[in-house]
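Presented below is the structure to which this report refers.
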């Protein structure tokens, strides 16, 4: 088919798109799943790590060091390194994707906790808040905007990286679509994979901005005495 | 486990992997050369745009959003589209690396110029400097640390992304990984991935040192800390 089409092949073949909604939707669905699992697990690991780095400052450097090295390792190399251990497939992809979210999330959690004004902390202590209650009721809520900024960055980065996971046979969502387009020399799949990946990132980013708007009303409503 | 490490050592010890066009030295050079070219081209394109946008204060929305889109734009897709347009080989790889290197350099330049303390610019204007003089003698030198950070990000990203170009037949360290996956040779996969990891970490460390070196003495951390506004009472 490709040889027949030659150079006149269109970038988007709408007939193909119309006749393959299932294939396209599967790729999007898989992309979303891989992303949410990665950021979810990343968050579960980063919250305690960020807290430790913030509360006991001796841990800050080692935690940033290790997550920083993980972040610097090129995605394909990290996935490839895991293949002998976890094989070709989803586990390999998720371990790689999770490890990229750690630096972004931990950094933002620490920045958020650092940003809690000393006066507010003093006031909480004056009101008789214990350490745990202060963390849950004062520090964490005030750190939410920075945390969500980190989640936004992690989600957008992960959506881009999921496509690489297709190279290690993990069912890389839209990456699989792009790989198929490359193998079949069919441009529509490539352009669609790239375009939907960018759209997905924009959509998730917008949703997270909205979530932040609703759960941190004090950042945009007038503060009453 | 020990057996695997042994085979890995044998792989690196094998003279065949150190010779010829698919040997480690040649592929290292192919990776470093194309990354350096891409970052230089991106710097030439992005630096003036970032400086002008930052100086005039216009187009900030555009500069930031281009970066965000760039982050989500899959490098593989850019590579494959590049191959469709330019054919297989070095050119699509170079194009992809340039496209991905532009955003970090442009955004960092823009942000750096915008972040220059307005008091310093007022002082420069009070001394009778023109807009152009302020850009060259105040805004640019003060912005160098952040611009250098942008170049570092772009370079590390470029070295990482070349790996993917192996997927569209550009010979580099990634070739060992792609080849290893296709013939299910775990030793070759890991040998290749360790080479890529070592190069990426070396680039990061080397450029961090270079970044400190090019930072003018007047804006090194420690000096800036004293003039930074006190935010504790915000």
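Residue numbers (the working numbering), protein chains in the order written: chain A, 3 to 227; chain B, 24 to 257. Note that the Cβ used here is the ideal one computed from N, Cα and C, for glycine as well.
Among the residues facing chain B, residue 69 of chain A is not included, as its CB has no counterpart in that chain under 7 angstroms away. Where residue 66 of chain A is concerned, the enclosing alpha helix (DSSP H) starts and stops at 62-74. Residue 35 of chain B sits exposed, since fewer than 16 C-beta atoms from the chains shown fall within 10 Å of its C-beta. Counting other Cβ atoms within 10 Å of its Cβ, residue 205 of chain B stays below 16 and is therefore classed as exposed. Using a 10 angstroms sphere on the CB of residue 185 of chain A, the tally of other CB atoms stays under 16, which defines it as exposed.
Two segments are said to touch when three or more pairs of C-beta atoms, one from each, lie closer than 8 angstroms; by this definition the segment 147-160 of chain A touches the segment 106-117 of chain A. Close to chain B, meaning a Cβ-Cβ distance shorter than 9 angstroms, are the following residues of the segment 184-200 of chain A: 184, 187, 189, 192, 193, 195, 196, 197, 199, 200.
Put simply, the CB of residue 165 of chain A is near chain B, with a gap under 7 angstroms to one of its CB atoms. Residue 194 of chain B sits in coil when the DSSP states are folded into three classes, being neither helix nor strand. The closest CA to that of residue 33 of chain A, considering only A:220, A:206, A:223, A:216, is found on A:206.
When Cβ-Cβ separations below 7 angstroms define contact, residue 78 of chain A makes contact with chain B.
Distances from the CA of residue 27 of chain B to each of A:25, A:69, A:83, A:19 were compared; the closest alpha carbon is that of A:83. Proximity to residue 65 of chain B across B:130, B:148, B:134, B:153 peaks at B:130, based on C-alpha coordinates. In this structure, DSSP gives residue 187 of chain A a state outside helix and strand, which the three-state scheme calls coil. Excluding residues up to 5 positions away in sequence, 114, 214, 218, 221 lie with their Cβ nearer than 8 angstroms to the Cβ of residue 147 of chain A in the same chain.
Within chain A, no C-beta atom comes less than 9 angstroms from the C-beta of residue 234 of chain B; the nearest is roughly 15 angstroms away. Just so you know, the alpha carbons of residue 191 of chain B and residue 185 of chain B end up roughly 10 angstroms apart.
According to the DSSP assignment, residue 152 of chain B belongs to no alpha helix (DSSP H), since it is labelled neither H nor E.
At a beta-carbon threshold of 9 angstroms, the residues of chain A lying near residue 104 of chain B are 13, 189, 192, 193, 196, ordered along the chain. Separation of the CB atoms of residue 12 of chain A and residue 219 of chain B is rounded to 36 angstroms, and the pair is thereby denied contact status at 8 angstroms. In the three-state reduction of the DSSP assignment, residue 16 of chain A falls in the helix class. Around the Cβ of residue 106 of chain A, a 10 Å sphere holds 16 or more other Cβ atoms; the residue is buried. Sequence-ordered contacts of the segment 134-160 of chain A with chain B read 158, 159 [C-beta pairs closer than 7 angstroms]. If you ignore the 5 residues before and after residue 214 of chain B, its C-beta comes within less than 7 angstroms of the C-beta of 31, 34, 35, 199, all in its own chain and listed in chain order. Separation of the CB atoms of residue 100 of chain A and residue 145 of chain A is rounded to 21 angstroms, and the pair is thereby denied contact status at 8 angstroms. In this chain, residue 140 of chain B is not harboured by any alpha helix (DSSP H), its DSSP state being neither H nor E. Not one beta carbon of chain B lies nearer than 7 angstroms to the beta carbon of residue 73 of chain A. With its beta carbon at least 7 angstroms from every one in chain A, residue 26 of chain B lies outside the interface. Close CB contacts of residue 44 of chain A within its chain, under the 7 angstroms cut and outside five residues either way in sequence, are with 100, 103, 104, 107, 156 (chain order).
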